[in-house]
Amino acid sequence: MQQTDFLVIGSGIAGLTYALKMAQYYPDKNILVLTKAAADETNTKYAQGGVAVVNDMENDSFEKHIEDTLIAGDGLCNEKVVEIVVKEGPDRVRELIEWGARFDKEKDGDYKLGKEGGHSEHRIIHHKDVTGWEMERALLEAVSRQKNMEILKHYFVIDIITQHHLGYLVTKATPDIECYGVYVLNSQTNQVEKILAKITVLATGGNGQAYRTTTNPSIATGDGVAMVYRAKGRIENMEFIQFHPTALYEPGMKGQAFLITEAVRGDGGILRNKDGEAFMTRYDERKDLAPRDIVARAIDSEMKRTGTEHVWLDCRHFEKEKFTEHFPNIYEKCLSIGIDIARNMIPVAPAAHYSCGGIKTDEWGRSSIRNLYACGECSSTGLHGANRLASNSLLEAMVFAHRCYTDAVNRKDAIAFADRIPDWNAQGTNEPKEMILITQSLKELQQVMSDYVGIVRNDIRLQRAMRRLDLLWEETEQLYESTSLSIQLLELRNLITVGYLIVKGAMFRKESRGLHYNTDYKGKSELVQNIVL
Ligand code: FAD
Ligand code: SIN
Numbered sequence: 041m042q043q044t045d046f047l048v049i050g051s052g053i054a055g056l057t058y059a060l061k062m063a064q065y066y067p068d069k070n071i072l073v074l075t076k077a078a079a080d081e082t083n084t085k086y087a088q089g090g091v092a093v094v095n096d097m098e099n100d101s102f103e104k105h106i107e108d109t110l111i112a113g114d115g116l117c118n119e120k121v122v123e124i125v126v127k128e129g130p131d132r133v134r135e136l137i138e139w140g141a142r143f144d145k146e147k148d149g150d151y152k153l154g155k156e157g158g159h160s161e162h163r164i165i166h167h168k169d170v171t172g173w174e175m176e177r178a179l180l181e182a183v184s185r186q187k188n189m190e191i192l193k194h195y196f197v198i199d200i201i202t203q204h205h206l207g208y209l210v211t212k213a214t215p216d217i218e219c220y221g222v223y224v225l226n227s228q229t230n231q232v233e234k235i236l237a238k239i240t241v242l243a244t245g246g247n248g249q250a251y252r253t254t255t256n257p258s259i260a261t262g263d264g265v266a267m268v269y270r271a272k273g274r275i276e277n278m279e280f281i282q283f284h285p286t287a288l289y290e291p292g293m294k295g296q297a298f299l300i301t302e303a304v305r306g307d308g309g310i311l312r313n314k315d316g317e318a319f320m321t322r323y324d325e326r327k328d329l330a331p332r333d334i335v336a337r338a339i340d341s342e343m344k345r346t347g348t349e350h351v352w353l354d355c356r357h358f359e360k361e362k363f364t365e366h367f368p369n370i371y372e373k374c375l376s377i378g379i380d381i382a383r384n385m386i387p388v389a390p391a392a393h394y395s396c397g398g399i400k401t402d403e404w405g406r407s408s409i410r411n412l413y414a415c416g417e418c419s420s421t422g423l424h425g426a427n428r429l430a431s432n433s434l435l436e437a438m439v440f441a442h443r444c445y446t447d448a449v450n451r452k453d454a455i456a457f458a459d460r461i462p463d464w465n466a467q468g469t470n471e472p473k474e475m476i477l478i479t480q481s482l483k484e485l486q487q488v489m490s491d492y493v494g495i496v497r498n499d500i501r502l503q504r505a506m507r508r509l510d511l512l513w514e515e516t517e518q519l520y521e522s523t524s525l526s527i528q529l530l531e532l533r534n535l536i537t538v539g540y541l542i543v544k545g546a547m548f549r550k551e552s553r554g555l556h557y558n559t560d561y562k563g564k565s566e567l568v569q570n571i572v573l
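Just so we're aligned, residue 41 is where the sequence shown starts under the numbering used here, counting upward by one.
Have a look at this one:
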């Protein structure tokens, strides 16, 4: 058993930002970060477009960024949180630069500012088309310079420990549920360890793997959300799954798809259907740079109308040098599969990309469970509402990591370590006989979510999805009770929980708003509400 004052789950931008700040504040304390894969295998690493932040006060303003965020969020953003993130963002970006992150500059030394859907101004700072890779690199290098931080890799957190593990009945109605630490599967030894902590931060990222095709890497299985739901904490607005309009289409695509950043459209890329028509003019006056929910739905509708599996992104009119300077990685990737962007259009299709809902927090990142914070993509802070504005996610993660740190920093002395926490009980379990049962169930889950809970939904589809998820849940619980733990099984269980939460949220929301589009309720309800489960 280990114990630490400050425990962090996740080594993406949210977890590392929080942990670094804590480590710098308490040089005499050891800050422990757990991560289920290699340290850099995170959604953060794959971020392309950049960070939306106001830094050109001549042409841009906080008010404009706030307004763009509110418009994209379609009436459901928490205005106070939007203001906090937009106004505190520049300081957080400055800190990241001080830790070593490099963003592209013009010849005069000003930052190059990109544009993406829903933004009224150029305000996206970036590192070519690999911004997340650069941010993750800088953070991990800063961590390596910090002597009092430890990242335990390939440590898979199974559950947070609460009063439930001490034998008390814990329900949604229990006041003051407390987090005492976590049970974690050490993948190297295959043993379950318990780690006690005074304060735990969940920074476990997204859940794109619930769908057949996603821009997210395989780690994005919604573990933090599922853990908090099992612990009877509050989860919010899970129905708002953002589909990125332009993942690179490759025949038979499934799993992680390569992203073609929205910044390509910001620089002038044009979406065309199979007849070559620039169809976005028919859907929205902002055309290719409308907010993501609108563009993804338009593409979905064009694909259905024309019976195709993708549309095209036309970049043939770009000056090749300019394209390769801003998007070298995309250029190379396209070339590697025989697409020369100067001569060929890029086949693109929507893919699950971002979870706008998640663990409900207050404006300091506190979850509904005491001593448990959440930040980054696993959280629901109120910033995104019904649809996240492009490139607001990395910004939110930094701002809320800082807020969690600010709130947690002085609380540790008021919290005692829990005692009498039992060891993990693995009695009565055997090695799984057939791993194929787990992989087949995962495929089924992804199929169900993609077919019935995608960009366009209706009540019958949602009911179907729920019935199928119920069955998958029952079968997976039987496996969980009877077999020894494996990461595949734990992830499957979490993904089914996340799928259930998405469908449940979607069933409760009797309207079409932002990313949730239900053809049975085409308009918006007058009742503007968050769905809390
Ligand atoms: P992540 O970076 O995903 O980190 C999650 C961490 O939690 C990982 O270390 C993982 O191993 C760990 N973890 C998860 N479960 C467990 C467990 N059970 N036990 C132990 N560890 C666990 N946003 C923008 O603002 N701008 C962009 O340009 C942009 N581009 C994007 C492009 C792509 C292809 C993708 C996928 C996303 C993009 N996003 C972008 C979104 C943004 O990258 C993510 O929302 C953000 O990086 C999430 O950071 P995070 O720290 O919350 O989670
Ligand atoms: C992109 O680069 O298009 C992704 C940006 C984001 O998800 O915010």
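The C-beta atom is built at its ideal place from N, Cα and C for all residues, glycine as well.
Remember, it's a predicted structure, so these values are computed and weren't measured experimentally.
C-beta atoms of residue i and residue j nearer than 7 Å
| i | j | result |
| --- | --- | --- |
| Asn247 | Asn83 | no |
| Asp114 | Arg406 | no |
| Asp100 | Lys452 | no |
| Met475 | Lys234 | no |
| Val351 | Leu311 | yes |
| Arg274 | Ser408 | yes |
| Leu423 | Val210 | no |
| Thr244 | Ile536 | no |
| Lys104 | Glu276 | no |
| Ala391 | Ala287 | yes |
| Val91 | Ile165 | yes |
| Asp324 | Ala318 | no |
| Thr171 | Ala441 | no |
| Ile53 | Met175 | yes |
| Ala79 | Lys155 | no |
| Gly168 | Pro387 | Looking at the sequence provided, one finds Lys at residue 168 rather than Gly. In this structure, Pro387 does not lie closer than 7 Å to Lys168 by Cβ. |
| Lys76 | Phe196 | yes |
| Gly140 | Ala178 | yes |
| Trp173 | Lys85 | yes |
| Ile478 | Leu512 | no |
| Ile200 | Val222 | yes |
| Ala112 | Gly158 | yes |
| Asp333 | Leu180 | no |
| Leu225 | Ile198 | yes |
| Tyr413 | Lys61 | no |
Residues near residue i in its chain [Cβ-Cβ closer than 8 Å; skip 5 each side]
| i | result |
| --- | --- |
| Tyr394 | Gly246, Gly248, Ile281, Gln282, His284, Glu417, Arg428, Ser433 |
| Val439 | Ile124, Val125, Glu128, Gly129, Arg132 |
| Leu236 | Met41, Gln42, Gln43, Thr44, Ile201, Tyr220, Gly221, Phe457, Ala458, Ile461 |
Chain C within 7 Å of residue i, Cβ atoms only
| i | result |
| --- | --- |
| Ile111 | Note that chain C does not occur in the displayed structure, where there is just one protein chain. |
Same chain, Cβ closer than 6 Å to residue i, neighbours up to 5 away in sequence not counted
| i | result |
| --- | --- |
| His548 | Here residue 548 is Phe; the residue named in the question, His, does not match the sequence. So the qualifying residues of the chain are Ile571. |
| Gly545 | Met278, Glu279, Ile571 |
| Gly309 | Leu353, Cys355 |
| Ala622 | Residue 622 lies beyond the residue range present for the chain, which begins at 41 and ends at 573; the question has no answer from this structure. |
| Glu290 | none |
| Ala250 | Met489, Leu535, Val538, Gly539 |
| Ser420 | Glu276, Asn277, Gly397, Gly398, Lys400 |
| Lys550 | Tyr561 |
Closer than 6 Å: residue i CB and nearest the ligand GTP heavy atom
| i | result |
| --- | --- |
| Thr84 | As far as ligands go, the structure on display features the ligand FAD and the ligand SIN and does not contain the ligand GTP. |
Proximal residues to residue i (C-beta, below 7 Å), its chain only, five neighbours per side dropped
| i | result |
| --- | --- |
| Arg252 | Lys294, Gln486, Gln487, Ser490 |
| Val498 | First, the residue type needs correcting, since residue 498 is Asn and not Val in the sequence shown. For Asn498, where only same-chain residues beyond five positions count, the Cβ hits under 7 Å are Asn558, Thr559, Asp560. |
| Asn70 | Thr44, Asn188, Glu190 |
| Thr348 | Lys314 |
| Thr346 | Asn313, Lys314 |
| Val93 | Gly129, Pro130, Val133, Arg163, Ile165, Leu435 |
| Lys212 | Lys272 |
| Leu153 | Asp96, His162, Arg163, Ile164, Ile165 |
Cβ contact check for the stretch 489-503 and the stretch 260-273: 3 or more pairs under 8 Å: no
Test item, CB below 5 Å from any non-hydrogen atom of the ligand SIN: Gln88, Gly89, Thr301, Glu302, Ala430, Ser431
Inter-stretch contact at 8 Å, needing at least 3 Cβ pairs: the stretch 336-345 / the stretch 295-303: no
Complete runs of the alpha helix (DSSP H) confined to the stretch 105-190 [at least 4 residues]: 119-138, 171-185
Every unbroken alpha helix (DSSP H) within the stretch 502-563, with a cutoff of 4 residues, ordered by chain: 527-548
Any 3 or more C-beta pairs closer than 8 Å across the stretch 367-374 and the stretch 156-165: no
Cβ pair count under 8 Å reaching 3, the stretch 513-529 against the stretch 556-569: no
Residue ranges of each alpha helix (DSSP H) within the stretch 350-389, 4 or longer: As summarised for the stretch 350-389, the continuous alpha helix (DSSP H) elements at least 4 residues long and confined to that stretch are 360-366, 368-376, given in chain order.
3-residue-minimum beta strand (DSSP E) runs that sit fully inside the stretch 305-343, ordered along the chain: 310-312, all fully within the stretch 305-343.
Entirely enclosed beta strand (DSSP E) segments - the stretch 44-98, minimum 3 residues: Fully enclosed beta strand (DSSP E) runs of 3 or longer: 71-74.
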